[in-house]
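For reference, the structure discussed in these notes is given below.
Listed below in structure tokens is the structure:
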């Protein structure tokens, strides 16, 4: 047995089907000068799209009255504009003979419906970026009394309570807190670190007030001369300031 026989038994190629994107140039008239001008204008719209693009010349829709096509001249015009002719599609005898003469494959006429090619198609169009959501959302408004054990959180916005807040209740907001009534319970503004947040109330009798993590409990608040009054609470450095409204 020859040493080359096992090698000869190994396949050196495979034939596979493929759906390749090939441009079809369908000629409607036998006018190479007009074709040259119009093709140049089309390629100028998207030169990268047409650069070295594989091409099938479709001559099967040409009327018989148009006469024979200068196939080498047609291929030369296409090549000047970056298109490489792979084959022609033809039904007229003279076109088929011209293709055979230049050793160009001939495809049968196509019965498939083909859509016009847009050179800009497939270009990635960048969608307009969605504008970022505002940091502060519309104010959260509570119109009923806040009961003991109830917790209300205004995420990304201010909180307004148009009533009283009972002991054991808890108000939290990323922004400011307004209480138009007796403010008991625990009230925490700027819970995500907003040091400019403030607390406003008509009657301060809270168990705890806090801004951006800095707080005072009821024992400290009761010693303040404004206990039970309408006040504004703000943060200066690490110190909570309580002033009269």
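In the numbering used here, the protein residues as written are 4 to 248.
Glycine included, every Cβ here is placed at the ideal spot set by N, Cα and C.
Please read all numbers here as calculations on a predicted model, not as lab measurements.
- In this structure residue 174 is in contact with residue 190, their Cβ atoms being roughly 5 Å apart against a cut-off of 8 Å.
- With distances taken between CA atoms, residue 25 lies nearest to 90 out of 103, 90, 14.
- Collapsing the DSSP output to three states places residue 160 in coil.
- Relative to the Cα of residue 231, the nearest Cα in the group 185, 65, 170 belongs to 185.
- Taking each of 168, 85, 141, 192 in turn and checking the Cα distance to residue 57, the smallest one comes out for 85.
- Considering only 151, 159, 182, 171, the residue with the shortest C-alpha distance to residue 145 is 182.
- Under the three-state reduction of DSSP, residue 229 is assigned to coil, being neither helix nor strand.
- Judged by DSSP in its simplified three-state form, residue 74 adopts helix.
- If the five residues before and after residue 17 are omitted, its C-beta is found closer than 7 Å to no C-beta atom of its own chain.
- Selection 152, 227, 110 evaluated against residue 168 yields 152 as nearest (Cα-Cα).
- For residue 102, same chain residues with a beta-carbon under 6 Å away, outside a window of 5 residues either side, are 91, 109 in chain order.
- Looking only at 214, 241, 245, the smallest Cα-Cα distance to residue 225 is reached by 245.
- Within the same chain, no Cβ atom closer than 6 Å to the Cβ of residue 67 is found once the five residues on either side in sequence are excluded.
- For the set 13, 49, 93, the Cα lying nearest the Cα of residue 29 is the one of 93.
- DSSP, read as helix, strand or coil, puts residue 12 in helix.
- As DSSP reads the structure, residue 244 sits in a beta bridge with 237.
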